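Chemist: So the sequence shown is numbered by the numbering used here: it starts at -9 and just counts up by one. Would you mind keeping the following structure in view while I ask a few things?
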Amino acid sequence: MTPIELLTDWMDDEKSAGAAYAQHAVLSSQALNGSAHGRVVAIREMTAAGILFFTQARTRKVAEMQQNPRVSLTFWLERRTREVMVEGEASFLTPEQNAHYWASYPQWAQLRFCSYAPTSGEPIEDKRMLEEKRLALQQTYQDQPLPCSPDYCGVTIKPQRFVFYQYRSDELSDVWEYVVAGDGFQQQRLSP
Ligand SMILES: Cc1cc2nc3c(=O)[nH]c(=O)nc-3n(C[C@H](O)[C@H](O)[C@H](O)COP(=O)(O)O)c2cc1C
């Protein structure tokens, strides 16, 4: 199995064990002032090309990844007491690729995104103004899909290193590292 296949397998296993949010991970990046900064993101797709998630263009993470694309994703798979750490390089989808994914969004998700994305991370007096915006958009577009928001921003993390950590209480834990080597990955066992 490639490390992406193994990660997919662990996520599927976590979901079958009843986890509702197995596809979430903590994305860590370097803040503009050099400090560390992490937050949860929902992983949309995982392929050999990379690990894809979506965000709002005006969020901190976007400015941070533009300055330093070297980031990490940490998955905590609680049901199976597993951790997967992925280190890699972030790159941004093209406007055409963003539009492709946007079109696959249900209209309610497009409405939600367009109501909050332009002010993401900014102070607001009251959430009502966002709800009113959502309602106004709903009235404008009725049942029609919304045009792709300029704030809709897909990010692919191209992995360079994975660590798979299986915590075990019956015996010592198993830890495997995969590091990119040529076209593939080199695998070795690490001491927990
Ligand atoms: C369950 C959950 C899922 C989330 N999914 C995403 C996501 O897919 N993309 C995203 O940009 N933010 C997501 N967020 C919000 C982020 O964790 C974060 O608060 C926000 O993006 C602002 O981050 P930043 O200021 O560091 O850029 C999610 C939060 C939670 C609790």
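All C-beta atoms in this analysis are idealised placements derived from N, C-alpha and C, irrespective of residue type, glycine included. Because the structure is a prediction, the values reported are computed rather than measured.
1. Give a single yes or no on whether Y51 has its beta carbon closer than 6 Å to a heavy atom of ligand 1.
2. Could you check whether the stretch 142 to 151 touches the stretch 34 to 52, counting it as contact only if at least three pairs of C-beta atoms, one from each stretch, sit closer than 8 Å?
3. State the Cα-Cα distance for the pair E86 and G8, rounded to the nearest angstrom.
4. What does M(-9) pair with, by DSSP beta-bridge criteria?
5. Quick one: Cα of T84 to Cα of Q156, how far?
6. Any heavy atom of ligand 1 inside 6 Å of the beta-carbon of F43?
7. Counting along the chain, where does the beta strand (DSSP E) carrying K148 start and finish?
8. Which of helix, strand or coil does DSSP assign to Q134?
9. Can you tell me where the beta strand (DSSP E) holding E73 begins and where it ends?
10. Taking all protein chains shown into account, decide if Y142 is buried (16 or more other Cβ within 10 angstroms of its Cβ) or exposed.
11. Do the stretch 107 to 121 and the stretch 19 to 30 meet, that is, are 3 or more Cβ pairs less than 8 Å apart?
Modeler: Straight from the coordinates:
1. As written in the sequence, residue 51 is Lys, which differs from the Tyr given in the question. True, at least one ligand heavy atom lies under 6 Å from that Cβ.
2. With the rule of 3 Cβ pairs closer than 8 Å, the stretch 142 to 151 counts as touching the stretch 34 to 52.
3. 36 Å
4. DSSP, once it has assigned bridges, lists no residue as partnering M(-9).
5. 36 Å
6. For ligand 1, at least one heavy atom lies less than 6 Å from the Cβ of F43.
7. 142 to 156
8. Here Q134 sits in coil by DSSP.
9. 72 to 82
10. buried
11. no
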